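Peer 1: Have a look at the structure that comes next, please.
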Amino acid sequence: MLRGRSEKGHWFGTVIDAPDPQALGMFYHAVLGWEIHKNEPDEFTLAVPGNSETYLAFQAQTSAPWARPVWPATEGEQQMMMHLDIEVGDLDAAVQHAVELGATLAEFQPQDEVRVLLDPAGHPFCLYANG
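full-length UniProt numbering numbers the first residue of the sequence shown as 1 and each following residue consecutively.
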């Protein structure tokens, strides 16, 4: 455990860079159903319902022009730095709904039981069925 941690094993959240934090935050709000915790010009935060300590935040990427991640990885292109895995009950229905919300089904699908999609900013995320 990292020295200085107050609680063993407690995870707080993840922050994802985005060209438009509000737009990407609203996309994941619709995908996950989490509560909107913060909505500011440079930061948008979702929290697990009933637990404002566990969050997913989106911050404005301002240090350089936005470069969409490329999936699968291609030499010389912006590569993904992380991805979210989201468990669903009905894989086909969840994929269809995510696409309706603005996701794109990735061309490369490495596993039969998982679907890789790209969010509106280009970040890959995976949907997989329980069971």
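In this text, a Cβ means the ideal position worked out from N, Cα and C, and glycines have one as well.
In this text the structure is predicted, and so the values were computed from the model without any measurement.
Unbroken alpha helix (DSSP H) runs of length 4 or more, entirely within the stretch 71 to 129: which are they?
Peer 2: 91 to 101
Peer 1: Once the 5 residues before and after E43 are set aside, which same chain residues still bring their CB inside 8 Å of it?
Peer 2: Take E43, set aside five residues on each side of it, and the residues of its chain with a beta-carbon closer than 8 Å to its own are P21, A57, F58, Q59, A60, in chain order.
Peer 1: On the DSSP letters alone, give me the boundaries of the beta strand (DSSP E) that Q61 sits inside.
Peer 2: Counting along the chain, Q61 falls outside any beta strand (DSSP E), and DSSP gives it neither H nor E.
Peer 1: What number of angstroms, rounded off, separates the C-alpha of V116 from the C-alpha of M26?
Peer 2: 20 Å
Peer 1: Quick check on A93: buried or exposed, where buried means 16 or more other Cβ atoms within 10 Å of its Cβ?
Peer 2: exposed
Peer 1: Assuming the contact rule is C-beta atoms closer than 8 Å, P124 and A106 should be a hit. Round their C-beta distance to whole Å, please.
Peer 2: 7 Å
Peer 1: For the alpha helix (DSSP H) that G13 lies in, which residues bound it at each end?
Peer 2: It is not in any alpha helix (DSSP H) - G13 instead sits in the beta strand (DSSP E) that spans 13 to 18.
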